[in-house]
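**Student:**
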Amino acid sequence: MSAAIELQDVTRSFGAVDAVSGVSFAVADGEFFSMLGPSGSGKTTCLRLIAGFDLPTRGHILLSGADASSLPPYERDVNTVFQDYALFPHLSVLENVAYGLRMRGVAAADRAKRSEAALEQVALGGMGGRRPSQLSGGQRQRVALARALVNQPRVLLLDEPLGALDLKLREQMQVELKSLQRQLGITFVYVTHDQSEALSMSDRVAVFNRGRIEQVAPPRVLYAAPRTVFVAGFVGTANIVTAERAKRWTGRDRPVAIRPEHIRVGAPPGDQPSTSGTLVDVLFQGPVSRLAVDTEVGTLSVSVGSHAGDGPSTELGATLQLYWPREAMVELEPTEPV
Amino acid sequence: MQHRPPLARIAAGLYRRHQLALWLLLGPPMLWLGVVYLGSLLSMVWQSAYGFDDFSMQVVPELTLANYRALLDGSNLDIVLRTLGMAVAVTLGCAALAFPIAYYIARHTSGTLKSALYASVMLPMWVSYIVKAYAWTLILAQGGLVYWASDALGLRGALEALLELPVIGGSSLSTSNLGRWFVFVYVWLPYMILPVYAAIERVPENLLQASADLGARPAQTFRSVILPLTFPGVAAGSIFTFSLTLGDYIIPQLIGPSGYYVGTMVNTLHGSVGNLPMAAAFTVVPIVIIGLYLALARRFGAFDAL
Chain A
51 MSAAIELQDV TRSFGAVDAV SGVSFAVADG EFFSMLGPSG SGKTTCLRLI
101 AGFDLPTRGH ILLSGADASS LPPYERDVNT VFQDYALFPH LSVLENVAYG
151 LRMRGVAAAD RAKRSEAALE QVALGGMGGR RPSQLSGGQR QRVALARALV
201 NQPRVLLLDE PLGALDLKLR EQMQVELKSL QRQLGITFVY VTHDQSEALS
251 MSDRVAVFNR GRIEQVAPPR VLYAAPRTVF VAGFVGTANI VTAERAKRWT
301 GRDRPVAIRP EHIRVGAPPG DQPSTSGTLV DVLFQGPVSR LAVDTEVGTL
351 SVSVGSHAGD GPSTELGATL QLYWPREAMV ELEPTEPV
Chain B
77 MQHRPPLARI AAGLYRRHQL ALWLLLGPPM LWLGVVYLGS LLSMVWQSAY
127 GFDDFSMQVV PELTLANYRA LLDGSNLDIV LRTLGMAVAV TLGCAALAFP
177 IAYYIARHTS GTLKSALYAS VMLPMWVSYI VKAYAWTLIL AQGGLVYWAS
227 DALGLRGALE ALLELPVIGG SSLSTSNLGR WFVFVYVWLP YMILPVYAAI
277 ERVPENLLQA SADLGARPAQ TFRSVILPLT FPGVAAGSIF TFSLTLGDYI
327 IPQLIGPSGY YVGTMVNTLH GSVGNLPMAA AFTVVPIVII GLYLALARRF
377 GAFDAL
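Laid out in structure tokens, this is it:
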């Protein structure tokens, strides 16, 4: 069975700048796939290429195995939920949701029934008579979702749909979106710059940086085994130790990443890699505290439980010994000269 | 406290007394609006209720509704209906022509070309209205450009057939309603293009993308998204074309068949006859019609962008 979406060496150039450069990946049917990266990394451009709002300069885009690179958006079995919802202001909520069905010639009674059902699905049943201008941001977002889902597309594209919502609403919507996707079994392609959002919702995540994909992996693998310096730093926090400095422990000429929660404070019980340094900052974050320790391999960020009563001294200026398990050092690809 | 120059103290005082500053700013224009504009309008409406002695050709300053009753007379009513008919026809013509032009400039051009086309739409407004009207009398005249072109293209027959048609035809182009309609449309076209252009530009790109994403072909997107959202712009433009045609008194004199328009009637009554009350009564007609039209246009969203 062919992949729901496949990008083959896709490049999109704007003059001399490559917004997307040599990107290849495949999304399986029914997968929740996220494209993660900072602004300008090319993830939204990729989404637009899949939707058909833009055409690739080079490369191919396949939908369900067929080359869709030159198909206009209205001929692709793909629906999009836009970042700013893009609801039609001159139509009611119900008419908005029914729009796609109307364009395809579905009869009025059938349209109304299915649209009402779609609204029920996103917990907006009975709001069909309202206008978009009368709804809150969260409600508009659900209308945009219903409007896309009612067409039962093969693939649903979501362009940072939760960006404009406040934190609590965002977290609630994340849970709802995830369960909706499981329920419907539709392939979701989700664009976000929020790594915690991508990690919590996705089956797999593609990390974008400057138009290229640095790694595609399930969230746990991305966190535990980042491939590059960028991925290690972007997904969660990491201590990056340069190749020359890491050599003493790894014997290899590669930079390593160490997660703050793997570093222990105190004398190493065995022959674990260790170092010592001066405590320069303590950041209380509730359940954990972040210690910044100046060592000979750079400033290391150490995560300690805040409850530690008999724990290490947290007085600024104190000398602390640090150690970590050898496996906690994740080898990264050599940093390309910038 | 430092000694402040008098101007600074006045400015500070005005900053504190907001209302006073507002009244000082608005005072002169409102005085103008109230006294000169509204005052003359009201005095004219008052005048329309005066009588007129046909024998002595003098205004009789007694209140009477005779003028308004006379308006409902056959020939006077014809004048109003004739003018109204042309105003509607011109509005429809301008809308039909302006929309494709505005659409093309807004959505299919960019950069220098777009600015150049936008400027060229506005350029005719730099030319005096009288000059344009007279130019058209020459263009439409028997020995003029249109006749010459139709002969050169072998379309003389078609032109003659067009002029044979009732109502819009006439003995020649420059004495036909068709010719008059054409000149009106030409002269008012920029006033329709600009609001329509603005309305089209205001349609957010993401709505068009959403429409395509949901399966609408370009023609469907046009009918279902662009047309409804730009209609207020057309309504706004129509206010210009409608009211300007309704009150015009120069083009009907230069082009088209004989027969009074409201504007030319007022001109004659005021100038040659001196029947100021009747002229005033005729003037009230377009005021009322336009008042109703504005209310209708408002309902269609012509003022939504304000």
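As they're listed, the protein sequences go chains A and B.
Under the working numbering, the first residue of the first sequence is numbered 51, with each subsequent residue one higher.
Under the working numbering, the first residue of the second sequence is numbered 77, with each subsequent residue one higher.
All C-beta atoms, glycine included, are put in the ideal place defined by N, C-alpha and C.
Skipping 5 residues on each side, what residues in its chain have a beta carbon closer than 7 Å to that of residue 273(B)?
**Tutor:** Result list for residue 273(B): 178, 181, 182, in chain order.
**Student:** Got a sec: is the Cβ-Cβ distance from residue 287(B) to anything in chain A below 9 Å?
**Tutor:** Chain A, which has a Cβ nearer than 9 Å to the Cβ of residue 287(B), makes this yes.
**Student:** To the nearest angstrom, how far is the alpha carbon of residue 156(A) from that of residue 199(A)?
**Tutor:** Taking the straight line from one Cα to the other gives about 15 Å.
**Student:** Within 8 Å: the Cβ of residue 320(A) and any heavy atom of the ligand MN?
**Tutor:** Among the components of this structure there are no ligands whatsoever, and the ligand MN is therefore not found.
**Student:** Closer than 9 Å, CB to CB, is residue 134(A) near chain B or not?
**Tutor:** Yes, because at least one Cβ of chain B sits closer than 9 Å to the Cβ of residue 134(A).
**Student:** Under 8 Å Cβ-Cβ, which residues of chain A neighbour residue 291(B)?
**Tutor:** Here the neighbours are 124, 150, 153, 154, 201.
**Student:** Say whether the stretch 202-218 of chain B touches the stretch 253-263 of chain B, bearing in mind that this needs 3 or more beta-carbon pairs closer than 8 Å, one atom from each stretch.
**Tutor:** The stretch 202-218 of chain B is in contact with the stretch 253-263 of chain B.
**Student:** Fully enclosed by the stretch 214-264 of chain A, which beta strand (DSSP E) runs are 3 residues long or longer?
**Tutor:** Segments of the beta strand (DSSP E) lying fully in the stretch 214-264 of chain A: 237-242, 254-259.
**Student:** Go to residue 289(B), then tell me how far its alpha helix (DSSP H) extends in each direction, as first and last residue.
**Tutor:** Run containing residue 289(B): 281-289, per the alpha helix (DSSP H) assignment.
**Student:** Does the Cβ-Cβ distance between residue 349(B) and residue 147(B) come in under 9 Å?
**Tutor:** Cβ atoms of residue 349(B) and residue 147(B): not closer than 9 Å.
**Student:** Cβ of residue 306(A) within 9 Å of Cβ of residue 380(A)?
**Tutor:** Contact: yes.
**Student:** Does residue 259(B) come out as helix, strand or coil in the three-state DSSP assignment?
**Tutor:** In the structure shown, residue 259(B) sits in a helix (DSSP, three-state: H, G or I).
**Student:** What are the boundary residues of the alpha helix (DSSP H) that includes residue 191(B)?
**Tutor:** Residue 191(B) -> alpha helix (DSSP H) spans 187-198.
**Student:** Which bits of chain A does residue 263(B) rub up against, with CB to CB less than 9 Å?
**Tutor:** Residues of chain A passing the Cβ test: none, with the nearest at roughly 32 Å.
**Student:** Tell me which same chain residues have a C-beta within less than 8 Å of the C-beta of residue 315(A), skipping the five on either side of it?
**Tutor:** Excluding residues within five positions, the ones whose Cβ falls inside 8 Å are 341, 352, 354, 361, 362, 370, 371, 372.
**Student:** Take the Cβ of residue 182(A) as the centre, count every other Cβ of all protein chains shown within 10 Å, and call the residue buried at 16 or more, exposed below.
**Tutor:** Counting Cβ neighbours within 10 Å, residue 182(A) comes out buried, since at least 16 surround it.
**Student:** Per DSSP, what kind of secondary structure is residue 110(A) in: helix, strand or coil?
**Tutor:** Residue state, collapsed to three classes: strand.
**Student:** Compute the distance between the beta-carbons of residue 75(A) and residue 253(A), then report whether it is under 9 Å.
**Tutor:** No.
**Student:** Beta-carbon separation of residue 309(A) and residue 378(A) under 9 Å?
**Tutor:** Going by C-beta atoms, residue 309(A) is nearer than 9 Å to residue 378(A).
**Student:** What did DSSP end up calling residue 340(A) once you bin it into helix, strand or coil?
**Tutor:** Looking at residue 340(A) - three-state DSSP - the assignment turns out to be strand.
**Student:** Do residue 335(A) and residue 375(A) count as a contact pair if the criterion is CB distance below 9 Å?
**Tutor:** No; because the gap between Cβ atoms is not below 9 Å, this pair is not in contact.
**Student:** My guess is that residue 173(A) and residue 162(A) are in contact by the Cβ rule of under 8 Å, so how many angstroms apart are they, rounded?
**Tutor:** Contact doesn't hold; Cβ gap of about 19 Å is too wide.
**Student:** Report all residues from its chain with a CB closer than 6 Å to the CB of residue 192(A); omit the five preceding and five following residues, and keep chain order.
**Tutor:** Taken in chain order, the residues that qualify are 172, 174.
**Student:** According to DSSP, residue 56(A) sits in a beta bridge with which residue or residues?
**Tutor:** DSSP, once it has assigned bridges, lists 76(A), 112(A) as partnering residue 56(A).
**Student:** Listed from N- to C-terminal order along the chain, which residues in the stretch 309-329 of chain B have their beta-carbon within a distance smaller than 7 Å of any beta-carbon of chain A?
**Tutor:** So the list is empty, because no residue satisfies the distance condition.
**Student:** Along chain A, which residues have their Cβ under 7 Å away from the Cβ of residue 301(B)?
**Tutor:** Those within 7 Å of residue 301(B) in chain A are 138.
**Student:** Whose C-alpha, out of 276(A), 250(A), 66(A), 101(A), is nearest the C-alpha of residue 258(A)?
**Tutor:** Of the listed residues, the one whose Cα sits closest to residue 258(A) is 276(A).
**Student:** Using 8 Å for Cβ pairs, my map puts residue 40(B) next to residue 269(B). What's the rounded Cβ distance?
**Tutor:** Residue 40(B) lies beyond the residue range present for chain B, which begins at 77 and ends at 382; the question has no answer from this structure.
**Student:** Determine whether the Cβ of residue 360(A) lies closer than 9 Å to any Cβ atom of chain B.
**Tutor:** Only weak support exists for where residue 360(A) lies, its pLDDT of 49 falling under 50; the value from the coordinates is given anyway. Cβ-Cβ to chain B under 9 Å: no for residue 360(A).
**Student:** Classify residue 123(A) as buried or exposed, calling it buried when 16 or more other Cβ atoms lie within 10 Å of its own Cβ.
**Tutor:** When all chains shown are included, residue 123(A) counts as buried.
**Student:** Residues of the stretch 60-80 of chain A with a CB closer than 8 Å to any CB of chain B: list them in chain order, please.
**Tutor:** Under the 8 Å Cβ criterion, the stretch 60-80 of chain A contributes no residue.
**Student:** Please specify which runs of the alpha helix (DSSP H), each continuous and at least 4 residues long, are wholly inside the stretch 333-361 of chain B, giving them in chain order.
**Tutor:** Whole alpha helix (DSSP H) segments, 4+ residues: 338-344.
**Student:** Quick check: is the beta carbon of residue 196(A) nearer than 9 Å to any beta carbon in chain B?
**Tutor:** So no, residue 196(A) is outside the interface.
**Student:** Determine whether the Cβ of residue 103(A) lies closer than 9 Å to any Cβ atom of chain B.
**Tutor:** Yes, residue 103(A) lies at the interface with chain B (some Cβ there is under 9 Å from its Cβ).
**Student:** Alpha carbon to alpha carbon, how far is residue 103(B) from residue 91(B)? Give it in angstroms, no decimals.
**Tutor:** When rounded, the distance between both Cα atoms is 17 Å.
**Student:** In the DSSP assignment, what residue or residues form a beta bridge with residue 373(A)?
**Tutor:** Residue 373(A) pairs with 314(A), 324(A).
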